[in-house]
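Since the structure comes first, as structure tokens, the remarks are kept for the end.
2 protein chains.
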Amino acid sequence: MSSSVVSTPAGAVRQTSLREINLALLLGRIAAAPRPPSRADLAADTGLTRATVSAVVDDLIGGGLVTEVDPTPRARAGRPARGLLLAGHGPAGLGLEVNVDYLAACVLDLAGAVRHRTVRRVDLRLLSPGETLGLVAELAARARADADDQGLTLAGAALAVPGLVGAGGVVRLAPNLGWREVDVPALLATRPPLTEAVPGLPALVVDNEANLAALGELHAGRAGVTDFLYISGEVGIGAGIVLDGTLYRGGRGWSGEIGHLPVHPEGRPCRCGGRGCLEQYAGQEAIIGAAGLGGDDLPAHAARLHRLADEGDPATLAALAEAGTALGVAVAGVVNLLDLDTVVLGGGYAPLARWLSPPVTAEVSRRVLTAAWAPVTIRPAVLGADAAAVGAAGSVVRRIIARPHAWLARCG
Amino acid sequence: MSSSVVSTPAGAVRQTSLREINLALLLGRIAAAPRPPSRADLAADTGLTRATVSAVVDDLIGGGLVTEVDPTPRARAGRPARGLLLAGHGPAGLGLEVNVDYLAACVLDLAGAVRHRTVRRVDLRLLSPGETLGLVAELAARARADADDQGLTLAGAALAVPGLVGAGGVVRLAPNLGWREVDVPALLATRPPLTEAVPGLPALVVDNEANLAALGELHAGRAGVTDFLYISGEVGIGAGIVLDGTLYRGGRGWSGEIGHLPVHPEGRPCRCGGRGCLEQYAGQEAIIGAAGLGGDDLPAHAARLHRLADEGDPATLAALAEAGTALGVAVAGVVNLLDLDTVVLGGGYAPLARWLSPPVTAEVSRRVLTAAWAPVTIRPAVLGADAAAVGAAGSVVRRIIARPHAWLARCG
Numbered sequence: 002m003s004s005s006v007v008s009t010p011a012g013a014v015r016q017t018s019l020r021e022i023n024l025a026l027l028l029g030r031i032a033a034a035p036r037p038p039s040r041a042d043l044a045a046d047t048g049l050t051r052a053t054v055s056a057v058v059d060d061l062i063g064g065g066l067v068t069e070v071d072p073t074p075r076a077r078a079g080r081p082a083r084g085l086l087l088a089g090h091g092p093a094g095l096g097l098e099v100n101v102d103y104l105a106a107c108v109l110d111l112a113g114a115v116r117h118r119t120v121r122r123v124d125l126r127l128l129s130p131g132e133t134l135g136l137v138a139e140l141a142a143r144a145r146a147d148a149d150d151q152g153l154t155l156a157g158a159a160l161a162v163p164g165l166v167g168a169g170g171v172v173r174l175a176p177n178l179g180w181r182e183v184d185v186p187a188l189l190a191t192r193p194p195l196t197e198a199v200p201g202l203p204a205l206v207v208d209n210e211a212n213l214a215a216l217g218e219l220h221a222g223r224a225g226v227t228d229f230l231y232i233s234g235e236v237g238i239g240a241g242i243v244l245d246g247t248l249y250r251g252g253r254g255w256s257g258e259i260g261h262l263p264v265h266p267e268g269r270p271c272r273c274g275g276r277g278c279l280e281q282y283a284g285q286e287a288i289i290g291a292a293g294l295g296g297d298d299l300p301a302h303a304a305r306l307h308r309l310a311d312e313g314d315p316a317t318l319a320a321l322a323e324a325g326t327a328l329g330v331a332v333a334g335v336v337n338l339l340d341l342d343t344v345v346l347g348g349g350y351a352p353l354a355r356w357l358s359p360p361v362t363a364e365v366s367r368r369v370l371t372a373a374w375a376p377v378t379i380r381p382a383v384l385g386a387d388a389a390a391v392g393a394a395g396s397v398v399r400r401i402i403a404r405p406h407a408w409l410a411r412c413g
Numbered sequence: 002m003s004s005s006v007v008s009t010p011a012g013a014v015r016q017t018s019l020r021e022i023n024l025a026l027l028l029g030r031i032a033a034a035p036r037p038p039s040r041a042d043l044a045a046d047t048g049l050t051r052a053t054v055s056a057v058v059d060d061l062i063g064g065g066l067v068t069e070v071d072p073t074p075r076a077r078a079g080r081p082a083r084g085l086l087l088a089g090h091g092p093a094g095l096g097l098e099v100n101v102d103y104l105a106a107c108v109l110d111l112a113g114a115v116r117h118r119t120v121r122r123v124d125l126r127l128l129s130p131g132e133t134l135g136l137v138a139e140l141a142a143r144a145r146a147d148a149d150d151q152g153l154t155l156a157g158a159a160l161a162v163p164g165l166v167g168a169g170g171v172v173r174l175a176p177n178l179g180w181r182e183v184d185v186p187a188l189l190a191t192r193p194p195l196t197e198a199v200p201g202l203p204a205l206v207v208d209n210e211a212n213l214a215a216l217g218e219l220h221a222g223r224a225g226v227t228d229f230l231y232i233s234g235e236v237g238i239g240a241g242i243v244l245d246g247t248l249y250r251g252g253r254g255w256s257g258e259i260g261h262l263p264v265h266p267e268g269r270p271c272r273c274g275g276r277g278c279l280e281q282y283a284g285q286e287a288i289i290g291a292a293g294l295g296g297d298d299l300p301a302h303a304a305r306l307h308r309l310a311d312e313g314d315p316a317t318l319a320a321l322a323e324a325g326t327a328l329g330v331a332v333a334g335v336v337n338l339l340d341l342d343t344v345v346l347g348g349g350y351a352p353l354a355r356w357l358s359p360p361v362t363a364e365v366s367r368r369v370l371t372a373a374w375a376p377v378t379i380r381p382a383v384l385g386a387d388a389a390a391v392g393a394a395g396s397v398v399r400r401i402i403a404r405p406h407a408w409l410a411r412c413g
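Here is the structure:
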């Protein structure tokens, strides 16, 4: 069999067979097609022979990656061809999120449908990293059982964390959780595996929550929007910067720390050691404090905030206006620097966007040099408050689709 | 003759001959080679035949783009081959800069050597755009005459401006000059042409000064540094963001407006209409005012600033420390956002870097989340205070090298 050298996601170069390339090529075309393509469509589209397409498609169907649908009846003569689409059974991706005051889990099937979703409110600052990851493992086990019940097999997991992630999934720093050099894979290794083991696919990828949420927004969001700033507003505030359809990770992988943009340079002290960071004025905790909801039970207060704003509570509205102004100052700086035309309010900001958008827009109009002729859209995230878990699951699904041979090899 | 479709810089697609491709290919290899390659080296390197290489090289030599040098004697037997390098005669690039308190002109030959350089200190806020561009045309005429005297032909010009440039070279906004919708090419069209007309090469490109200076730094700076923030500190403060060896221009071409990052959100009013912009604390005028040199004669004061700092004048040192701190607050925000490991202090900041770097470094260490394990280098620009004019000339030279057939066609 002919072979070719391709680059793996990890950057290594290895020999791979023509069959592997064709599996990935055809599955990618099926995933990207606006309507279920037929085998003939795929042959015409790729230049492969009908026989090759049929053999490869049979493998994809046999492995539970693709399913066939009956065509809508057509007026034209001849037997209409059956359409191919991503299977809603077979492999699925597990997305997990640790944030400061909640945990989330999500299962996406290959077609991108959410098949399981849990959010658990708990103040994780009171727990050790090991205890927190124990709760994560419990959520994952429940998600796996639910997936099994639906005939899905979890083929990998991604975990979103509100911090800076280094090599090997070690969380270098997550100031709001109080985590420093936490080796997540090592701590989880003592527990039952989160998912099925699929050689050739990573069992667990740990990534920054704003990055994963931004990727989720890129794939679930409006078509054609390929440049945007995604802001994840939790206790901490992170950002994912998407440029030309690609997540910009920075020179060393630690971009997007918008929460530590100084908005009042000698202002309130921050957990990072600096002063006047955006988080201290527009983070969930700051908003809750300014709204007069201060106290220890952060998760409960976060849930109350939206209701009070909806009821028009003056202190809550004032707190949101103040937070929105601080956020707008930071956003104006970013837009002046990067010239982005879309800013997405995500995470905890998504349900609050109604109140945050007007002051953000006001600061942008006032401070962005090009605002008069180059408008900036400020809008809530499509995926809502658990975008990071959904984005994490989506990243697993995209890896399966990019490497179908790994899944098929596991099947025998 | 065989032909192929290539994309022009403007994005259009046109038919081009194989000869054009080979001219550009070989000239590019000669430009990039660490040592002057021989014709045999080029044949081995490109896979073209010796005969083709020789014919193309003869054309390049005949057109004044390439010159041959005698080899250094070698111990090996046989006639040593002659080396090829970019010509120091023939076509050259004209770089021009309009800033707030000075004009600059620069001529670079193909080999990248500066062959002419003028800086004229004048407060351009007191002149109309037409008057300013009249002075630019005078500087250009002097540069052209000097180039002629040296046997060089100016084959195109680039003009750096401290503002936002739109389609067709129209300056949409340059707040510190008071320019708004200034059609630079139209205003210069009434004057004698700045350079020789070369069909296929643009006569004049207008671009942001920080962008051109950052490109100049990229090509003149330390090898291997492909990700950095270049800050041009004049009356206004602009930035060029270089990511992975490419200038990041933003979604609509207006990135880099670091001067309008709010460092004290409700602080001093700015010419942009906002408040508390970095420029108001770290721009040249702000430094001069804080040093007690206030007054109308901005260009003279800018020149005195460096001398006073050198003499240890306490008010000047305090002003530079204050400006450096404000600059550091903004830089810390940018590094938190983009995770860049190198910040270049350019333009008027280059000669002041000795005093500005320590407070910038202090703010970065204090405020950047990853500073403890991912150090950030703050250093002066390689090209110094007239980097934008040099960078502008370099951009013209790179266009000539990319399209040698345009120059050769002009020669007949």
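So the protein sequences, as listed, match chains H and Y. Residue numbering for the first sequence is 2 to 413, as defined by this note's numbering. Residue numbering for the second sequence is 2 to 413, as defined by this note's numbering. Where a beta carbon is used, it is the ideal one built from N, C-alpha and C, also for glycine.
N209(H) is bridged by DSSP to V162(H). The beta carbon of P360(H) sits closer than 6 Å to the beta carbons of A322, G325, T326 and G329 from its chain, once the five residues preceding and following it are set aside; these are given in chain order. G334, V335, N337, L338, L339, D340, L341 and D342: these are the residues of the region 334-348 of chain Y whose beta carbon lies less than 8 Å from some beta carbon of chain H, given in chain order. Rounded to whole angstroms, V226(Y) and A375(Y) show a C-alpha spacing of 16 Å. Under the 8 Å Cβ criterion, the region 381-390 of chain Y counts as touching the region 335-355 of chain Y, having at least three qualifying pairs. Contacts with chain H at 9 Å (Cβ-Cβ) do not include A291(Y). Taken atom to atom, the span from the alpha-carbon of A331(H) to that of G170(Y) is near 30 Å. Within chain H, the C-beta atoms nearer than 7 Å to that of P263(Y) come from V330, A333, G334 and R368, in chain order.
Taking each of L309(Y), L66(Y) and V101(Y) in turn and checking the Cα distance to D297(Y), the smallest one comes out for V101(Y). A93(Y) is positioned such that its CB atom lies no closer than 9 Å to that of A403(Y).
Taking a beta-carbon distance threshold of 9 Å, W374(Y) counts as an interface residue toward chain H. Ranking D340(H), V365(H), S256(H) and N337(H) by CA distance to the CA of D340(Y) puts S256(H) first.
With respect to chain Y, the C-beta atom of L174(H) has a partner C-beta closer than 9 Å.
In the structure shown, A283(H) adopts helical secondary structure according to DSSP, grouped into three states. Linking V377(H) to L353(H) through their CA atoms gives a straight-line distance of about 19 Å.
Considering only beta carbons, no part of the region 184-211 of chain Y lies closer than 9 Å to chain H. Among the residues of chain H, those whose CB is under 7 Å from the CB of L165(Y) are L370 and T371, following chain order. Per DSSP, reduced to three states, the secondary structure at T50(Y) is coil, with no helix or strand assignment. Counted as a single uninterrupted DSSP element, the beta strand (DSSP E) harbouring E98(H) occupies residues G91 to V99.
The alpha-carbon separation between V183(H) and R126(H) amounts to approximately 14 Å.
Y231(Y) has a beta carbon lying at 9 Å or more from every beta carbon in chain H.
Against chain H, the CB of A327(Y) has a partner CB under 9 Å away; the residue lies at that interface. Only those residues of the region 224-253 of chain H whose C-beta falls short of 8 Å from the nearest C-beta of chain Y are listed: D228, A240, I242, L244, Y249, R250, G251, G252 and R253.
In this structure A214(Y) touches S233(Y) by the C-beta definition: roughly 5 Å separates them, less than 8 Å. Per DSSP, the unbroken alpha helix (DSSP H) holding D150(Y) starts and ends at P130 to D150. By the Cβ rule, the region 298-313 of chain H does not count as touching the region 300-315 of chain Y, because fewer than three pairs are nearer than 8 Å. For A106(Y), the pairing in a beta bridge is given by DSSP as L97(Y) and T119(Y). When rounded, the separation of the alpha-carbon atoms in V207(H) and V70(H) is 36 Å. Contacts between I259(Y) and chain H, judged by CB atoms closer than 9 Å, involve G334, N337 and L338 in chain order. Rounded to whole angstroms, the gap between the alpha carbons of P193(H) and T47(Y) is 56 Å.
In this structure, the alpha-carbon of R305(Y) lies about 26 Å from that of V115(Y). By the Cβ neighbour-count rule, D60(Y) is buried, with 16 or more other Cβ atoms within 10 Å of its own.
Between the alpha carbons of L28(H) and T247(H) lies a gap of roughly 21 Å. Its chain contains P38, L43, D46 and T47 as the residues whose beta carbon lies nearer than 8 Å to that of R30(Y), once the 5 sequence neighbours on both sides are disregarded; these appear in chain order.
At a beta-carbon threshold of 9 Å, none of the residues of chain H lie near W180(Y); the nearest stands roughly 13 Å away. For the C-beta of P352(H), not a single chain Y residue is nearer than 8 Å; the gap to the nearest is close to 25 Å.
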